[in-house]
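There are 2 protein chains.
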Amino acid sequence: MGPTTRAGRRAAHDAYDRAVPQDRQVTIITVANRAGVSKTTASDALRGSGRVSEETRRLVTDVAAELGYVPNGSARHLRRARTGTIGLHLPEVLPRSDYYMSFVFGAVQAAADHGYDVTLLTSGSGAGATAERRPRVDGLVLGDPLAADPVVEKLMSSQLPTVTCERYPGPGDPDGIVWSDHGAALRELLDHLAAVGTLRPALIVPGDESDWAASVHRTYRQWCTERGVVPLTRAVPFDANADATSTVARNLLTDEPGLDALIAAPTSAAATLLPVIREAGRRVGDDLLLASCVDGPAMRFADPAITAIDVQPREAGAACAELLFELLAGAVAPGVERLHPIELNIRESTRRRNAP
Amino acid sequence: MGPTTRAGRRAAHDAYDRAVPQDRQVTIITVANRAGVSKTTASDALRGSGRVSEETRRLVTDVAAELGYVPNGSARHLRRARTGTIGLHLPEVLPRSDYYMSFVFGAVQAAADHGYDVTLLTSGSGAGATAERRPRVDGLVLGDPLAADPVVEKLMSSQLPTVTCERYPGPGDPDGIVWSDHGAALRELLDHLAAVGTLRPALIVPGDESDWAASVHRTYRQWCTERGVVPLTRAVPFDANADATSTVARNLLTDEPGLDALIAAPTSAAATLLPVIREAGRRVGDDLLLASCVDGPAMRFADPAITAIDVQPREAGAACAELLFELLAGAVAPGVERLHPIELNIRESTRRRNAP
DNA sequence: CGTCGATGCCGGAACGTTCCGGCATTGCCG
DNA sequence: CGGCAATGCCGGAACGTTCCGGCATCGACG
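Chains A and B, in that order, give the protein sequences.
Note that the first sequence covers residues 14 to 369 in our numbering.
Note that the second sequence covers residues 14 to 369 in our numbering.
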């Protein structure tokens, strides 16, 4: 049973004890009455605003604690013209789930620290009262906004303060951007591969709907040009499942016998390629190096462990929320960009290369 | 800057038009004035309550649409003493992430269909204004509540209408339960293994903090007793990573040479065991059968594909939210339990067994 | 023709908070 | 002793919605 019955609501009020909470919700007036002060003073005392003597302040907070007073969010937000809530949108990409899960938890954590709630906005909301469903939030965090996503498009044009994780490839700019230098990290990875003797590294990467994929792709081509290497890439859909990725990899291995290293960009894609590679008669970490652009449990615990770029999703989520709060507080000006550090973890799968 | 400029909002207003919204928010009074009716009538017209002629109703809705009126959630909820939001709690278990991601999206989807928002409640909120942070929601959905989780404990005793996915092993009962018959599914799996000639199936399963794990464990032992098979289980932590699971499996394979089938309960654990098994010189789907209690992408695309129980997480999340709304509406009585269908998917990894 | 119910609409009063302005009281300084 | 600022506290008025009761109007019916 949730709430107990609401019968007896009209129970006789003792005219002398004005503080009887009966079974009604305990409001700030309950607290004020019990403490023998006005609601204004109670409010000021609890929030540390206005001018209240230390003595009264303590009294009021004690009474509030005793009564178990919890301020009514709706009333507060109505008065303050804020909702105390931020919206979080993520592409619904299950194969990428551990990344986004971490991201979510980071954002929620940061929001909680600021007294904010996080509500989730999915792309699948569809049908319902579309007009009605304008999100009632103070601001938005968009994780990996895709160019094609209609929900993202709508949110981006919603007049709400918005922070994106990675740039938005579509029209319009968010008020804040948290981004990581995937290009630099990938370059480091490519240099490392070259250093251990790789001559023809190939790249499996999603299309350019996401800024992350686009910059990975771009960097790869640049690096190839600089080094005089013939680029070798295969595109997969952003939400490609392991099956699609495997097929692509299989073809790549068959068609390009000169291939000596494989970089699978999508989260956890690299791990699912291990069987494919083995089937093709290649040995990972030996005559074929393997790496991923997104680290995760699957990389760390694969056999052999796979070199990958740790993009620190949890911290990224938190950073996005933090930046949004600073924007909401006016502490930073719109248009700000913030760099989120990532790092390359070199593991067995690329330790050294042996000729086939 | 995200939002386009706010200038020009004050476009010349006809002085006789009482609807001048200035640059203020467009409220129901704006709509009422513009439509030439009272706020009550406007409210009634928009919500279909009260007595309003069809003609005025249409007029009001047209005006509202034209002005882009969006009702203020805080005001509405303040008046109605509801928040229009449900809270969702999940154990923060990243290795199980694709399951929970699906669950979340299902719940959000269902909530959106009912005009509700979903806010996330994490176990890690810790520090902050702990007293203050009582969640402002109308009800709770707890996915896989763990016996040990202090946040779950607090939420369970919060007097809020609560639905759990799977039973809560701790003290107290939720108002609604959505559960699946993991026992029956596991039994089906075990029978299948026996049918293809398995004599000694082992089970790797988390401890009994979760009802799911407990029932899997219980069923396994019962089945063993019935069949006269010596049970062989190993426990891992609920949030065991692939590393821990692999170690357990390795030991199992070394210590128990008679082992001819392995069931790894945790999500995606089975897939990460493939290399371990291969190292031990066993062949999956041949002289060692392998299955998982939770299906997912990793199972479907493993090589060989792994037999697993599809627990339909997205539908489970939606079902939890649905049940909660029915409880909130008083359509069902507290204490209700609802069975959520799951099914066994038999794949290559257990198709038939060959002697070693 | 008087009455009565149905119909369409409306004005106020909540809901619980915050915030603006104001009123005593006190202390300080010239 | 008079003015004046600082201090502590307070009463109302918002915020935008819903809902209760009431007031006309109108047609029907006896």
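Note that the Cβ used here is the ideal one computed from N, Cα and C, for glycine as well.
By the 10 Å Cβ neighbour count, where 16 or more other Cβ atoms means buried, how is residue i classified, buried or exposed?
i	result
A208/B	exposed
T177/A	buried
R180/B	buried
G330/B	buried
E105/A	buried
Q38/A	exposed
T143/A	With a pLDDT of 36 at T143/A, under the threshold of 50, the modelled position of this residue cannot be trusted; read the value that follows with caution. Exposed, by the Cβ-count rule.
A140/A	Note that A140/A scores a pLDDT of 34, beneath 50, so its modelled location is shaky and nothing firm can be said.
E350/A	exposed
D151/A	buried
L352/A	exposed
N264/A	exposed
E239/B	exposed
T53/A	exposed
P326/A	buried
V73/B	buried
D308/A	buried
R93/A	exposed
V243/A	exposed
So, does the CB of residue i fall closer than 7 Å to a CB anywhere in chain B?
i	result
F310/A	For the record, residue 310/A in the displayed sequence is Pro; it is not Phe. By this cut-off, P310/A is an interface position.
E361/A	no
G141/A	For G141/A, the predicted model reports a pLDDT of 36, less than 50, meaning its position is unreliable; a value from the coordinates is still stated below. Chain B contact via Cβ: present.
R60/A	no
F338/A	no
L91/A	yes
A257/A	no
G86/A	yes
F314/A	yes
E105/A	yes
R149/A	yes
T285/A	yes
D57/A	no
Is the Cβ of residue i closer than 7 Å to any Cβ of chain A?
i	result
H353/B	no
P288/B	yes
L80/B	no
L133/B	yes
E195/B	As written in the sequence, residue 195/B is His, which differs from the Glu given in the question. Cβ-Cβ to chain A under 7 Å: no for H195/B.
F116/B	no
G156/B	no
R47/B	no
V307/B	no
D299/B	no
S110/B	yes
V121/B	yes
D130/B	yes
Tell me, please, which residues DSSP counts as bridged to residue i.
i	result
E356/A	D323/A
S305/A	A277/A, A321/A
P214/A	A274/A
G294/A	The partner list for G294/A (beta bridge, DSSP) is empty, contrary to what the question assumes.
D130/B	T98/B
V372/B	Residue 372/B lies beyond the residue range present for chain B, which begins at 14 and ends at 369; the question has no answer from this structure.
I42/A	Looking at the DSSP assignment, I42/A forms no beta bridge with any residue, so it has no partner.
T74/B	Bridge partners of T74/B: none, in fact.
W192/B	L352/B
T177/B	L155/B, I190/B
A120/B	Note: A120/B sits in no beta bridge, so no partner.
A253/B	Answer is none; A253/B lacks a bridge partner.
My guess is that residue i and residue j are in contact by the Cβ rule of under 8 Å, so how many angstroms apart are they, rounded?
i	j	result
H205/B	F338/B	Their Cβ separation, rounded to whole angstroms, is 37 Å, which puts H205/B and F338/B out of contact at 8 Å.
S87/A	H230/B	S87/A to H230/B, Cβ: 44 Å. No contact.
C306/B	I322/B	5 Å
V50/B	T69/B	6 Å
T320/A	T280/A	The Cβ separation is near 14 Å, so there is no contact.
G156/B	M169/B	Rounded, the Cβ-Cβ distance is 13 Å, inconsistent with contact.
T135/B	V345/A	Rounded, the Cβ-Cβ distance is 26 Å, inconsistent with contact.
W225/A	L203/A	W225/A to L203/A, Cβ: 17 Å. No contact.
Short-range partners of chain B found in the segment 176-202 of chain A, where Cβ spacing is below 7 Å: So the list reads G185, D186, P187, D188, given in the order they occur along the chain.
Residues of the segment 63-80 of chain A with Cβ closer than 8 Å to any Cβ of chain B, in chain order: Residues of the segment 63-80 of chain A whose Cβ lies closer than 8 Å to any Cβ of chain B, in chain order: A78.
Which residues, in chain order, does the segment 235-255 of chain B contribute to contact with chain A at a C-beta distance below 9 Å? Answer in chain order: N254, A255.
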